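Okay, so here's the structure we're looking at.
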Amino acid sequence: MSLDPAVQAVVDKGRIVRLDLIRFDIPGKTVGYHRGGRPYTYNGLTYLPNRYLQMGGASSALGIAVTTRTIVFSNIPVADPDDAIAQLENYNYPNAPVIISHLAGDPDTDEVLGVLASTIYEIDQVRYNKGALTGSERTLTLSIDLQPPGRSARGTTGAKRSQAEQQFDNLASDTFFEYAATIGSMPEEWGQR
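Here it is as structure tokens:
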């Protein structure tokens with residue numbers, strides 16, 4: 001992958017500001033977060049501030065296991081009903097797309113010059129750790145394990161989870177895995193009769 005010439009020029013000069021953005025496309029809600037102190041709008045989505053966001057690292061795997069990445073949110077105010085991360089259990093979040101982007105900016109003007117890198121993941125699992133009660137508010141720390149989506153994660157293993165995943169990776173009209181959910185428990189006829 002090559003960088004945009006404007007981005008490459010500031011990278012070569014060594015004078016860039018990096019802005020990390022995380023976008024969750026949870027069914028029923030799209031929300032974004034960044035590590036700044038105030039809301040930030042990029043590509044039409046307002047990213048909410050979360051100064052405690054940890055981008056986490058990737059853990060590699062051998063064999064048929066996939067490489068995962070864990071991101072951590074801490075000190076989330078659980079009293080805010082509009083905070084999707086604090087209310088994550090109210091959504092159907094498993095396998096929801098998550099896009100992590102790293103933008104390059106000009107340190108003098110804070111103008112975004114382009115994208116350094118962008119990666120798509122799916123939510124694999126979420127782990128919760130509630131903090132102590134402070135006054136009338138409790139804080140929440142949660143770790144979200146991410147994995148690469150669809151074929152990129154399981155392309156070498158041949159494992160698919162559903163018809164929808166097959167259609168996402170291939171064609172919307174692909175019906176190859178139509179009977180995948182029942183084949184283990186009900187005999188299905190294949191081919192000519």
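So for the sequence shown, the UniProt record's numbering puts the first residue at 1; every next one is plus one. Idealized CB from N, CA, C, for every residue including glycine. A quick note: this is a predicted structure, and the numbers were derived from the prediction, not measured.
Using beta-carbon positions only, say whether residue i and residue j come within less than 8 Å of one another.
{"i": "Asp145", "j": "Ala96", "result": "no"}
{"i": "Thr119", "j": "Val72", "result": "no"}
{"i": "Leu103", "j": "Leu3", "result": "no"}
{"i": "Pro27", "j": "Tyr91", "result": "yes"}
{"i": "Val17", "j": "Gly114", "result": "no"}
{"i": "Arg23", "j": "Ile99", "result": "yes"}
{"i": "Leu116", "j": "Val10", "result": "no"}
{"i": "Tyr42", "j": "Val126", "result": "no"}
{"i": "Leu48", "j": "Arg35", "result": "no"}
{"i": "Ala84", "j": "Lys29", "result": "yes"}
Classify residue i as buried or exposed, calling it buried when 16 or more other Cβ atoms lie within 10 Å of its own Cβ.
{"i": "Ser101", "result": "buried"}
{"i": "Gly32", "result": "buried"}
{"i": "Thr148", "result": "Reading the sequence as shown, one finds Pro at residue 148 and not Thr. Classification of Pro148: buried, given that the 10 Å Cβ count is 16 or more."}
{"i": "Asn50", "result": "buried"}
{"i": "Leu19", "result": "buried"}
{"i": "Tyr128", "result": "exposed"}
{"i": "Arg15", "result": "exposed"}
{"i": "Arg69", "result": "buried"}
{"i": "Leu171", "result": "exposed"}
{"i": "Leu88", "result": "buried"}
{"i": "Ser173", "result": "exposed"}
What residues match up with residue i in a beta bridge as DSSP calls it?
{"i": "Ile144", "result": "Ile71 and Val126"}
{"i": "Arg35", "result": "Bridge partners of Arg35: none, in fact."}
{"i": "Ser118", "result": "Ser101"}
{"i": "Arg18", "result": "Ala104"}
{"i": "Ile26", "result": "Lys29"}
{"i": "Pro49", "result": "His34"}
{"i": "Thr41", "result": "Thr46"}
{"i": "Val112", "result": "Gly105"}
{"i": "residue 203", "result": "Residue 203 is absent from the model: the chain starts at 1 and stops at 193."}
Within 8 Å of any Cβ in chain B, is that where the Cβ of residue i sits?
{"i": "Tyr91", "result": "Protein chain content of the structure displayed is limited to a single chain, and chain B is not contained in it."}
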